[in-house]
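Residue numbers (our numbering): 7 to 232.
In this text, a Cβ means the ideal position worked out from N, Cα and C, and glycines have one as well.
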């Protein structure tokens, strides 16, 4: 089953200097349980591609389906529900809430969804991403970059989404920590989650099973890493 399907998707931004076509007639399908990397030079449309899959942006033309549901024309409330229930996000800058502890950051999506026993589940998630339980009481600025990204991964998993989207998840990490984070994401994928990563790093892409290469808003090639 395809959990993500894009058919002839175009995205045009209207800017003061003129129109910019970020995606140009992109067609792509991603099956449940795949581990995908998206690569390409700066300005190639990688982040736009991810944002459209994540319902953070809408296409100018074409069809987008997430979990078999056509999202074209959905209102903000419906798109918010898809983001909350079906998609987890991981960012290069971690995007943790500075005033909350690690545990509270993980709990927050569950509270918004009305999940019961969110405190217990957040502790289980802390353990599942390899963090010491005591670190759950720390604020983000009391954690290393690798620890913050582990918290961000746990938060992305909080509502048990089908899809994890990661935008340069190792971009602010040293090489050893990057390997640890990629192994954690690989383990997460092996437990059945569909993961899509935007990266400029071939080492990061080597953990994935398939790569979309974007050039000038078009998919240039589709390779397989064994």
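Proximity winner among the options, relative to residue i (alpha-carbon distances)
| i | options | result |
| --- | --- | --- |
| residue 64 | 75, 79, 73, 50 | 79 |
| residue 168 | 12, 41, 22, 34 | 41 |
| residue 60 | 182, 49, 21, 82 | 82 |
| residue 214 | 221, 189, 220, 225 | 189 |
| residue 37 | 205, 199, 177, 210 | 199 |
| residue 186 | 203, 197, 94, 210 | 210 |
| residue 135 | 120, 114, 108 | 108 |
| residue 160 | 149, 140, 180, 130 | 130 |
| residue 191 | 162, 116, 29, 219 | 162 |
| residue 17 | 203, 111, 57 | 57 |
| residue 165 | 89, 206, 116 | 116 |
For residue i: DSSP bridge partner residues
| i | result |
| --- | --- |
| residue 76 | 71 |
| residue 201 | 41, 170 |
| residue 125 | In DSSP, residue 125 forms no bridge with anything. |
| residue 35 | 11 |
| residue 279 | Residue 279 is absent from the model: the chain starts at 7 and stops at 232. |
| residue 96 | 172 |
Secondary structure of residue i, DSSP reduced to three states
| i | result |
| --- | --- |
| residue 119 | helix |
| residue 149 | coil |
| residue 89 | helix |
| residue 51 | coil |
| residue 114 | helix |
| residue 210 | helix |
| residue 28 | strand |
| residue 17 | strand |
| residue 176 | coil |
| residue 291 | Summary: the structure shown does not reach residue 291, with the chain confined to residues 7 through 232, and so no result is reported for it. |
| residue 224 | strand |
| residue 82 | helix |
| residue 164 | coil |
Kindly confirm or deny that the segment 97 to 109 and the segment 167 to 186 touch, where touching means at least three C-beta pairs closer than 8 Å. yes
On the three-pair Cβ rule with 8 Å, is the segment 138 to 158 touching the segment 120 to 127? no
Is the segment 151 to 161 touching the segment 64 to 76, taking contact as three or more C-beta pairs under 8 Å? no
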